[in-house]
Each structure stands twice: as C-alpha cells, then as structure tokens.
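Those protein sequences? They're chains A and B, same order as listed.
Residues in the first sequence are numbered consecutively from 119, following this note's numbering.
Residues in the second sequence are numbered consecutively from 119, following this note's numbering.
Contents: one structure, followed by commentary.
2 protein chains.
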Amino acid sequence: MLNFEYQNPTRVIFGKDETKRVGKECKKYGEKILFIYGQGSIKKTGLYDKILSLLKEEGLLVYELGGVKPNPLISKVREGVEICKQENIDLVLAVGGGSVLDTGKIVALGAKYDGDPWDFFTGKAEPKEKLPLACVLTLAATGSEMNRNAVISNEETQEKLAVKHPVLFPDFSILDPVNTLTVPREHTVYGIVDIIAHVFEQYFHPVPETPLQDRFAEGIMLTLIENTHRVLKKLDDYDARANIMWCSTLALNHLIEAGACGDFATHQIEHELSALYDIPHGAGLAILFPQWMKYVIDVIPEKFAQFAERVWGISREGKDVKEVALAGIERTKQWFSEIGAPVSLKEVGIGRENLERMAEHATRLGPLGYTKKLYKQDVLNILEMSL
Amino acid sequence: MLNFEYQNPTRVIFGKDETKRVGKECKKYGEKILFIYGQGSIKKTGLYDKILSLLKEEGLLVYELGGVKPNPLISKVREGVEICKQENIDLVLAVGGGSVLDTGKIVALGAKYDGDPWDFFTGKAEPKEKLPLACVLTLAATGSEMNRNAVISNEETQEKLAVKHPVLFPDFSILDPVNTLTVPREHTVYGIVDIIAHVFEQYFHPVPETPLQDRFAEGIMLTLIENTHRVLKKLDDYDARANIMWCSTLALNHLIEAGACGDFATHQIEHELSALYDIPHGAGLAILFPQWMKYVIDVIPEKFAQFAERVWGISREGKDVKEVALAGIERTKQWFSEIGAPVSLKEVGIGRENLERMAEHATRLGPLGYTKKLYKQDVLNILEMSL
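The structure is reproduced here in structure tokens:
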C-alpha cells in the first residue's frame with residue numbers, strides 16, 4: 119500500500135424522495151440560488167417544476183442556467199460565472215448528471231476568480247475557493263456528486279480537460295434514486311460503463327498490498343453487474359437504481375484509490391474521442407477499455423486473473439495465469455456487448471481518419487497512465503486495436 | 119436500502135513514517151497543545167519522545183495528560199478538561215488506541231462546555247462544539263480515529279456509556295502502521311476481535327437490498343482474516359499491520375452502515391462485562407458474539423448463510439440454509455479460539471454471580487438491538503449461553 123491522504127467532506131443525503139429537502143438545505147447557504155440544469159429532460163420529468171417550487175417555498179431568489187450539454191462547454195461555464203458575479207449568487211445548485219454537476223463546480227469556482235475559468239484547466243490558475251455548491255443527481259455515472267473532479271470541453275481548442283482539487287467537493291449532494299427511474303435505456307447503460315470504467319482505473323494498478331482496496335473495488339463491480347441485469351429488465355426498478363447510484367458514488371469518491379494508484383489513461387484517450395466526435399463518454403469507454411486491458415496485461419497478469427476469478431467467476435483450473443486473465447478481459451467485452459454498449463469504433467462510425475491526430479493530442483503533455491506509460495505510439499496502437 | 123445521510127470530514131494521513139508530520143499539522147491549529155496518552159507504552163517504544171520533539175521543533179507549548187486506562191474513565195476526562203480551560207489549549211492531541219482517542223474526544227468537547235462532561239453521556243447535554251482534535255493511532259481496533267463515537271466509563275456509577283455525535287469527528291488522524299508494529303500479541307488479537315465485531319454489528323441486520331454494503335463488509339472481514347494470520351506469524355509485518363489498520367478505520371467510520379442499520383447490542387452487553395470485570399473489550403466480544411449470532415439466527419438465516427459462504431468459504435451443497443448459517447457461526451467461534459481469544463466466560467474467570475445484574479443494567483433504558491430486540495431475559499439468556 120502507498121502512503122496517502124484521504125478526506126471527503128461532501129454531505130450525502132441519499133434515498134427515496136429526499137429531493138424534497140432541497141429548499142431547506144439550500145436556504146442554509148443564503149438567499150440567491152443559481153439553478154443549473156441540462157437540456158430539458160428535467161422539464162419533461164417534472165423535476166424542474168418540483169425543484170423550483172421547493173426553492174420558492176423557502177423564499178429563495180432563483181436564477182437559472184439551462185442547456186448544459188453532455189460534453190459540457192466552457193462557454194456555458196462562463197455564462198454561469200457571469201450571472202454569479204452580477205447577481206451576487208450565494209449558492210450554485212446543479213441538478214443533473216455529471217456534465218451539469220461539473221459545470222456547477224467550475225461555475226462556483228469561477229465565481230470567486232477574477233480571470234477566465236478555463237485558466238484552471240490550463241494550469242494558469244490554481245483553485246483556492248468556490249461558492250457553496252449543492253447537487254441533485256439525476257444520472258448515476260461520473261461520481262461527480264462526491265468527488266473533487268470536473269471535466270469540461272473547450273469548443274474553440276477542441277480540448278476536453280479535467281481539474282482535480284479538494285475545493286471542488288460539493289457541499290452537499292442529494293442522491294434520490296427516484297430521479298433516475300426515467301433515465302432511458304441507452305443513457306443508463308453508458309452511465310454503468312462509466313462507473314465500471316472508474317473502478318477498472320483504480321483497480322488495475324501494480325501497487326502491491328492493497329487487499330482491502332481490491333475487495334471494495336470488486337464489491338462495486340459485482341454489485342453493479344448484478345443490478346445492471348435487474349435494471350435492464352425493468353428500468354424503473356427502485357432498488358436496482360438505488361444500488362447502482364451508490365455504486366457510482368463510491369466508484370469515484372477517492373476511497374478505493376486511497377493507498378493504490380489510479381491509471382486514468384483510458385479516460386484520457388476517450389476524452390479525445392468524445393471531444394472530436396461528440397459520442398457518449400460511456401460508449402467510448404466500452405470500446406477502448408478491453409483493448410487497453412489487453413495492451414497492459416503483461417504488467418499485472420495476476421491482477422487480471424484475480425479480476426477474472428473474483429468478478430466473473432472464471433475458474434483457474436487447467437489454465438495458466440495469462441489464460442485466466444485473457445478470459446476475464448474477453449468476458450468484460452462480451453458483457454459490454456450484452457448490455458448494449460459498442461465495443462468497436464466501427465460501431466459508432468469512426469474510422470482511421472483521426473487516430474493519429476488523437477494519439478498526438480492525447481500525449482502532447484507527456485505519456486499517459488501509470489500501470490504502463492503510454493506514449494503516442496501506444497495510444498495509436500490501442501486506438502487501432504479498437505477499430 | 120434505507121434512506122441515509124453520510125458525511126465524514128476527518129482527514130486521514132496514512133502510511134509509513136507519516137508520524138513525522140505531527141508537529142507541522144498540529145501547528146496549523148494554534149500554539150498550545152494538550153498531549154494525551156495512555157499508561158506508558160509510548161514511552162517504552164520511543165513514540166512519546168519522538169512526538170514531543172516534533173511538537174517542540176515547531177515551537178509549540180505542550181501540556182500533558184498521561185495515564186489513560188484501557189476502559190477510560192470520566193475522572194481522567196475531567197482532569198483534561200480542567201487543563202484545557204486553565205491553559206487555553208488550542209488543540210487536543212490524542213496519541214494511543216481507542217481509549218486515549220475517546221478520552222481526547224470528550225476532553226475536547228468538555229473544554230467548550232460549562233458543566234460536567236458526563237452530562238453528554240446521560241443526555242443532560244447535547245454536543246455543540248469542541249476544540250480541534252488530532253489523533254495519532256497506536257492500536258488498530260476501535261475506529262475512533264475516523265468516527266463520531268466515544269465510549270467512557272464512570273467509576274462511581276459503574277457505567278460504560280457512548281456518545282455519538284458529528285462534532286466528535288477528529289479533525290485529522292495520523293495512521294502510521296509503524297506505530298503498531300510493537301503491539302503485543304494479546305492486544306493485537308483483541309483489537310482484531312473488536313474490528314470484526316464492528317463489521318458483524320453492521321452486517322447482520324434485516325434491512326433488504328444492501329448488496330454493496332454487504333460486499334464492503336465482507337471485504338473487510340476477508341482482508342482482516344487473511345492479515346490476522348500473517349501478523350500472528352510475524353508481529354512486525356508492516357504490510358499486514360497496514361492492512362489491518364485500514365480495516366479498523368473502515369469497519370467503523372459509518373460507511374458500511376450507511377443505508378443499512380447497525381445492531382450494537384453485543385457491544386452494549388460487553389460494556390457491562392468490561393465495566394464490572396475490567397476484562398479486555400475484545401475478550402468480552404469474542405465470548406459474546408457467537409452466542410448472540412445463534413440467538414438471532416432465525417431472524418436472518420439467509421444473511422448468516424451468505425456470511426458462511428462468502429467469508430468462510432463454506433459450501434451450501436447438501437445443507438439447508440440454517441445448517442450453512444450455523445456452520446459459519448461455529449467457524450467464527452473456532453477462529454476466535456485459534457487466534458487466542460477466549461470464547462467462554464469461564465475462560466476469563468467469570469461465573470453466574472453477576473449475570474442477572476448485568477442483564478438488568480444493560481436493559482435499564484429499554485431493550486437492546488435492532489435485528490432482534492433484546493429484553494432483560496434475552497440478555498440473560500445470551501450471557502448464560504456464554505458461560
């Protein structure tokens with residue numbers, strides 16, 4: 119186990135109908151709320167009206183920023199920062215999935231900064247403080263509701279970059295599984311792929327002596343797989359949705375990574391894909407991950423074999439370590455297919471045309487990853503294996 | 119899964135030789151430190167001198183409160199509160215195991231309260247604020263380093279009671295496994311029993327749909343069992359000590375309980391034993407737990423069978439649920455014996471003489487537990503089964 123520091127101050131309010139507390143909880147932070155949301159699905163489900171009336175019941179003054187896109191844009195963040203500064207907003211309330219929550223994080227951060235919020239992504243500025251931030255989650259996927267990460271795209275530079283800083287932890291997040299009962303099948307699947315990808319990225323590392331971290335990661339994967347089958351049979355299965363939601367939060371709240379070392383290379387390569395092609399993040403991950411696994415298998419074959427055995431129940435009998443490991447990877451790819459995620463670039467209509475450019479761009483600041491350092495040629499190899 | 123609220127603000131600094139940071143970290147909170155410790159083992163190991171010199175290097179003014187006993191006393195807490203008030207202490211630094219940390223918690227709490235600190239245990243006062251609290255852990259057991267609980271004994275009333283309140287979370291805790299390498303075999307074992315008992319208490323509940331909580335609990339148990347065997351072969355095995363330490367923290371930092379419901383009846387019954395006889399807490403738990411399990415088995419037989427299968431690897435083949443469940447309980451008792459913990463009251467020299475009195479006292483405020491409500495006669499039955 120590596121030495122580590124761990125702290126996560128976010129207050130989680132979890133459970134059926136806890137959304138009703140949003141007004142009272144927000145009021146603790148002030149009177150002026152900037153309510154951020156996405157492209158209107160919360161208007162269709164009625165959540166928009168519900169939140170608005172809960173906020174108004176408490177006498178809160180509500181400003182709005184709607185229209186956040188799935189790969190959220192820095193231009194939208196700038197709009198939000200402008201409102202915060204002009205209206206002296208007390209609290210940012212982000213209602214949506216990871217894209218809305220990440221937008222909320224950077225809006226809250228930018229509101230307390232004199233320059234352009236993109237500065238935090240280029241390293242020109244270091245986060246210091248943010249406005250209070252509340253979240254109501256409507257999609258189990260990114261873990262943004264209880265972590266210090268935010269990913270934003272810049273439409274001018276065609277970059278998709280992350281900021282990670284303790285100041286970005288939400289002050290509180292309402293995790294009400296009821297708000298995910300209406301998520302369509304496709305988005306449910308992509309969310310699930312994102313969750314399991316986060317676990318992969320903190321599990322397939324070469325750090326020795328992390329048995330508890332391994333068991334927690336395996337626990338999330340097993341729970342997620344079991345509940346994926348349930349939710350795909352019945353999209354409004356409350357218990358399955360609740361279990362998946364809690365998996366999503368614990369998959370990326372820094373706990374299973376503590377003492378180990380995350381390797382987020384696949385996420386970084388995927389960001390190139392979804393920045394350029396605007397495909398769903400989860401689709402890109404499902405395509406790339408089995409290929410990344412095969413590419414790095416020889417660094418940690420025993421870890422891949424442990425995964426095959428404990429998560430997929432693959433017997434070691436009559437196989438050597440690498441055979442077991444490969445069987446686990448194959449099973450993962452097959453599972454992505456079974457649940458309806460693409461497993462090749464071809465399936466989402468992407469050819470060779472930009473692979474080199476993406477590999478170049480992905481590694482422009484240096485090699486990616488930790489388990490195996492990936493240089494431009496490695497990234498290109500993985501992308502070609504994904505065709 | 120039940121609805122829940124979860125927040126844990128404690129900053130954990132974990133790893134080899136992280137103790138060296140104690141001076142600099144404490145200095146962030148002020149100049150005057152009350153250094154609390156136990157009965158001198160840290161003087162023998164050199165940790166006392168090391169901490170003192172690290173604090174003095176930073177120019178800090180150090181006051182001391184030594185001599186905290188294994189079942190820590192309210193009289194010692196009162197001494198500490200007195201020093202805090204007289205000397206205007208800025209930070210309480212507790213260096214030791216759970217008894218020292220719990221003393222630190224209530225000293226820090228009492229320092230900000232006008233009345234007697236026992237008031238928090240009787241319900242006469244509600245915790246509101248405390249002095250900043252830092253911990254350096256020297257024994258993996260109670261989880262006090264990252265939770266909101268404290269247990270203190272009152273020598274006058276022969277009571278051992280708990281306070282649980284968010285204000286009691288330590289501000290930061292240094293978890294340096296090196297500080298546990300010299301813990302003698304017996305205390306190591308009792309610490310381990312305490313850890314697994316905490317997991318039992320949050321795992322054997324009747325709440326449906328807690329698959330992730332179950333997997334996390336099982337992960338802690340499996341890791342603990344594997345590493346117990348390693349540490350008992352080689353008491354100064356750093357990796358085994360590190361894994362056990364992280365197990366102890368996660369076993370009782372409220373995470374695995376979130377969405378489920380703890381049943382701490384066995385701990386409460388044990389508090390009667392150790393309040394009256396001053397036996398090690400872990401010894402009392404090892405004696406009582408298998409009997410409690412047998413006593414409540416019919417409420418949740420499937421959960422006990424799951425435990426038998428997943429934790430002890432007991433096959434279900436050819437057995438009905440209750441047989442599997444009972445085999446798991448028997449294996450637990452056998453394991454306690456194997457690692458050197460007592461499994462009957464007789465082994466620690468306790469007879470029938472005070473069983474009735476303890477059962478009476480344990481239930482004086484009402485029945486115990488959640489999985490099965492235990493009235494006086496139930497507690498008496500469990501104590502008699504433990505003879």
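C-beta atoms are modelled at their ideal positions from N, C-alpha and C, and glycine is treated no differently.
Judged by DSSP secondary structure, P408/A falls outside any beta strand (DSSP E) and instead within the alpha helix (DSSP H) spanning 399-414. Boundaries for G185/B: no beta strand (DSSP E) harbours it, and the DSSP string shows neither H nor E there.
A straight-line Cα-Cα distance of about 10 Å links I343/A and W430/A. Note that the C-beta distance between L173/A and V180/A is below 8 Å. Runs of the beta strand (DSSP E) lying entirely within the segment 321-384 of chain B and spanning at least 3 residues: none are present. Rounded to whole angstroms, F454/A and H305/A show a C-alpha spacing of 14 Å. With its beta carbon at least 8 Å from every one in chain B, Q495/A lies outside the interface. Along the segment 342-365 of chain A, going in chain order, the ones with a CB nearer than 7 Å to a CB of chain B are E344, D357, A360, N361, W364, C365.
The alpha carbon of K162/B has as its nearest neighbour, out of H389/B, F422/B, L209/B, N297/B, the alpha carbon of N297/B.
Within the same chain, V307, V311, A404 come within 6 Å of A459/B by CB-CB distance, once the 5 residues on both sides are set aside.
Below 8 Å, too few C-beta pairs join the segment 366-375 of chain A and the segment 469-486 of chain A to call them touching: fewer than three. Judged by beta-carbon spacing, L209/B lies within the 8 Å limit of L249/B, meaning their Cβ atoms are closer than that value.
Across the set G309/B, Q495/B, A445/B, the C-alpha of G309/B shows the shortest separation from the C-alpha of I362/B. Contacts between E123/B and chain A, judged by CB atoms closer than 8 Å, involve R129, V130, I131, F132 in chain order. Around I397/B, the same chain offers L391, V466 as residues with beta carbons nearer than 7 Å, after the five sequence neighbours per side are excluded. By the rule that beta-carbons nearer than 8 Å mark a contact, L444/A does not touch chain B.
The CB of F334/B comes closer than 9 Å to the CB of R333, F334, G337, I338, L368 in chain A, given here in chain order. The Cβ of E420/A sits no closer than 8 Å to any Cβ of chain B.
Where G214/B is concerned, the enclosing beta strand (DSSP E) starts and stops at 209-214. Residues of the segment 311-335 of chain A with a C-beta less than 7 Å from any C-beta of chain B: E327, P329, L330, R333, F334, listed in chain order. Close to E136/A, with beta-carbon spacing below 8 Å, are these residues of chain B in chain order: N121.
Under the 8 Å Cβ criterion, the segment 135-150 of chain B does not count as touching the segment 486-493 of chain A, having fewer than three qualifying pairs. If you ignore the 5 residues before and after F132/A, its C-beta comes within less than 6 Å of the C-beta of L293, all in its own chain and listed in chain order. At a C-beta separation below 9 Å, N126/A has these neighbours in chain B: Q125, N126, P127. Those residues of the segment 218-248 of chain B placed with their C-beta closer than 8 Å to a C-beta in chain A do not exist. DSSP links S271/A through a beta bridge to L191/A, K278/A. In the three-state scheme derived from DSSP, where H, G and I count as helix and E and B as strand, N126/A is classed as strand. For A360/A, the CB contacts under 6 Å within the same chain, skipping 5 residues up- and downstream, are P295 in chain order.
Contact between the segment 144-157 of chain B and the segment 153-168 of chain A is absent: fewer than 3 CB-CB pairs across the two stretches fall below 8 Å. Separation of the CB atoms of L473/A and E502/A is rounded to 6 Å, and the pair is thereby assigned contact status at 8 Å. Scanning the segment 473-497 of chain B from its first residue to its last, the whole alpha helix (DSSP H) runs of 4-plus residues come out as 473-480.
Only residues of its own chain outside the window of five on either side were considered, and among them I415, P419, F422, A423, A426 have a CB closer than 7 Å to the CB of A443/A, listed in chain order. Taking 9 Å as the Cβ-Cβ cut-off, the segment 373-404 of chain A approaches chain B at L373, A376, G377, given in chain order.
Taken through DSSP and simplified to helix, strand or coil, A252/B comes out as strand.
The closest CA to that of D357/B, considering only I447/A, N267/A, L330/A, V130/A, is found on L330/A. In this chain, the alpha helix (DSSP H) harbouring K142/A covers 140-145.
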